Amino acid sequence: MTNFPPISYLLSPISYLLSANYMNLDNFQVCDRDLSDDLLSRYLGVNSIAVDTETMGLIPGRDRLCLIQLCDPSGFVTAIRIFRGQTEAPNLKKVMEDERIEKVFHFARFDVAQLSQTFGIATQPIFCTKIASKLARTYTSSHGLKSLVQELEGIELDKTAQSSDWGNAVNLTPKQLSYAANDVRYLLSVRDKLIVMMQREERWELAQKCFSCIPIFTALDLQQYKDIFEH
């Protein structure tokens with residue numbers, strides 16, 4: 000049996016870890032293994048949250064989940080540190096499976112697969128800003144989060160911590176935590192702008208149908224099926 004560290008919640012901004020040069024400390028909190036009951040109540044009280052994950056690599060089943068970030072419409076970010084061998088996060092599961100709350104991802108297919116693989120979470124409903132960008136922004140081939148936030152929010156994200164070691168969860172650097180928080184901080188605003196664009200171009204209904212297919216593609220990915228829709 001894996002010996003986990005005791006559940007601990009940092010209920011105040013972690014100013015000893017981060018400086019103002021990286022991010023706004025007033026709306027950031029770290030917790031271990033799962034959401035606290037107070038945070039559960041907070042996230043169950045909103046109609047949408049932005050979600051992202053950090054992992055050891057890009058292959059679910061081989062590369063473990065290390066960090067989960069949530070952001071509510073007020074801009075409050077929670078980073079949940081996940082420990083090696085952990086298979087349960089019941090409060091997180093309640094939020095992710097609550098059909099009243101839209102979960103907004105950038106490349107949802109990957110994050111939804113990781114949550115399913117690690118915790119058996121069936122995430123619903125889903126909005127993917129990468130899919131939305133490809134439907135709405137057909138004038139460009141740049142659909143990464145950095146390009147999307149740069150154009151729609153006028154903010155340049157620092158992505159240098161993207162390919163780094165996320166496995167040592169209790170010793171994540173200020174730069175890693177800042178990167179992780181900023182990956183969810185702008186997603187809800189980006190979603191709103193993309194919806195306006197898709198409605199204007201009469202692509203919103205198609206987008207919703209695409210989002211509903213994400214769990215199917217995730218299930219295929221986890222069973223290592225590839226290109227089954229090809230001839």
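Residue numbers are given in numbering that gives the first Met the number 0: position 117 of the sequence shown equals residue 116, and the series is strictly consecutive.
Just so it is clear, CB atoms sit at the ideal spot from N, CA and C, and this is done for glycine as well.
All figures in this text were calculated on a predicted structure; none of them were measured in a lab.
Assign residue i to one of two classes, buried (16 or more other C-beta atoms within 10 Å of its C-beta) or exposed (fewer than that).
i    : result
V103 : buried
T217 : buried
E53  : buried
N167 : exposed
D226 : exposed
R83  : exposed
I154 : exposed
C212 : exposed
L205 : exposed
F27  : buried
T122 : buried
D51  : buried
R99  : exposed
Provide the residue span of the alpha helix (DSSP H) that contains residue i, from first to last.
i    : result
D226 : Run containing D226: none; DSSP gives neither H nor E here.
I194 : L186 to R199
I130 : T128 to A135
Y42  : D36 to L43
S146 : L144 to E152
For residue i, which residues of its own chain have a beta-carbon under 7 Å away from its beta-carbon, when the five flanking residues on both sides are left out?
i    : result
E101 : N46, S47, P124 and F126
R202 : L134 and A135
R184 : C70, G74 and V76
L39  : N90, K93 and V94
E152 : Y185, S188 and V189
K129 : H105, F106 and H142
Can you tell which of the options has the C-alpha that lies nearest to the C-alpha of residue i?
i    : options                   : result
F118 : L187, K92 and Y224        : K92
M196 : P72, Q161, C65 and Y138   : Y138
R190 : E229, D33 and L147        : L147
V169 : I81, L69, D51 and R184    : I81
E200 : K133, F109, Q175 and R99  : K133
V76  : Q198, M55 and V29         : V29
Q175 : Y185, D157, R184 and K192 : D157
A131 : Y178, C70, V94 and F210   : F210
Q68  : Q222, W165 and K208       : W165
E235 : S115, T122, I120 and L186 : Limits of the chain in this structure are 0 at one end and 230 at the other, which puts residue 235 out of reach.
L57  : P173, Y42, K145 and V111  : V111
L144 : I213, N181 and Q85        : N181
F106 : A49, Q223, Y224 and L205  : A49
G44  : P72, I120 and R108        : P72
I79  : R108, L66, S163 and E87   : L66
I311 : E96, S140 and R108        : Because the chain spans 0 through 230 in this model, residue 311 falls outside it and cannot be assessed.
F109 : F228, P173, I215 and A88  : I215
A88  : Q198, R99 and L64         : L64
Can you tell me where the beta strand (DSSP E) holding residue i begins and where it ends?
i    : result
V169 : Unbroken run through V169: none, as it is neither H nor E.
D31  : F27 to D31
Grab me the residues of residue i's own chain with a C-beta within less than 8 Å of its C-beta, minus the 5 sequence neighbours each way, in chain order.
i    : result
L221 : P59, G60, A112, S115 and Q116
What residues in its chain sit with their C-beta under 6 Å from that of residue i, if we drop five residues either side in the sequence?
i    : result
L219 : none
Q223 : none
K192 : L151
Subject >> Inside the segment 45-121 only - alpha helix (DSSP H) runs reaching at least 4 residues >> reply: Within the segment 45-121, the complete alpha helix (DSSP H) runs of at least 4 residues are 89-96 and 107-118.
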